[in-house]
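Following: one structure in structure tokens, then a few remarks.
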Amino acid sequence: MRRGEIWWVELEPPAGRRPVVLLSRDEAYVVRSLIIVAPITTHIRHIPSEVPLGADDGMPQNCVANLDTITTIPKDCLRNRLAALSPQKMKEVEAAIHFALGMD
1 MRRGEIWWVE
11 LEPPAGRRPV
21 VLLSRDEAYV
31 VRSLIIVAPI
41 TTHIRHIPSE
51 VPLGADDGMP
61 QNCVANLDTI
71 TTIPKDCLRN
81 RLAALSPQKM
91 KEVEAAIHFA
101 LGMD
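Be aware that the sequence shown starts at 1, since it is given in UniProt numbering, and climbs by one per residue.
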């Protein structure tokens with residue numbers, strides 16, 4: 001597990017099975033049972049707190065990482081790795097986090 005990877009997770013309803021972007025620092029995955037993630041959704045609103053993802057990012061369809069809904073989940077909800085975001089895409093994620101948290 002590394003920051004910027006996309007994983008399938010199995011969460012309680014209503015979220016259920018869905019992809020997420022891992023946001024915790026890499027060192028946390030070894031010692032923490034809870035990790036920080038951003039859900040990925042096909043509900044695209046075209047706002048600065050979303051990061052568009054597509055085939056170039058390893059996603060099967062166009063979608064967004066929604067940084068307005070950053071959450072903490074148990075690490076054992078992770079099922080399988082889907083992809084890893086590029087350094088450039090992670091810069092977009094960081095900018096979206098700043099926007100979502102009003103840090104600009």
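Using N, Cα and C, we set each Cβ at its ideal position, and we do this for glycine too.
Using a beta-carbon distance below 8 Å, is residue i in contact with chain C?
i: Leu11; result: This model lacks chain C altogether, as it is built from one protein chain only.
Quick one, which of the options has its alpha-carbon nearest residue i's?
i: Val21; options: Asp104, Lys75, Met103; result: Lys75
i: Ala83; options: Thr42, Leu53, Gly102, Ile35; result: Leu53
i: Arg25; options: Gly16, Pro19, Arg79, Ile35; result: Ile35
i: Arg79; options: Ser86, Arg3, Trp8; result: Trp8
i: Pro13; options: Cys77, Phe99, Ala96; result: Cys77
i: Ala100; options: Thr42, Ala38, Met59, Pro60; result: Ala38
If you measure between the beta carbons of residue i and residue j, is that distance less than 8 Å?
i: Glu50; j: Asn62; result: no
i: Val89; j: Asp68; result: According to the sequence as given, residue 89 is Lys; it is not Val. Cβ distance not < 8 Å, so Lys89 and Asp68 don't count as in contact.
i: Ile73; j: Leu11; result: yes
i: Arg81; j: Glu5; result: yes
i: Arg18; j: Ile44; result: no
i: Leu23; j: Arg3; result: yes
Spell out the partners DSSP gives residue i in its beta bridges.
i: Asn80; result: Trp8
i: Val51; result: Ala65
i: Val20; result: Trp7, Pro39
i: Pro74; result: Leu34
Could you give the distance in angstroms between the alpha-carbon of residue i and the alpha-carbon of residue j?
i: Val93; j: Ile47; result: 13 Å
i: Ala55; j: Val31; result: 32 Å
i: Asp104; j: Ser86; result: 23 Å
i: Gly102; j: Pro60; result: 31 Å
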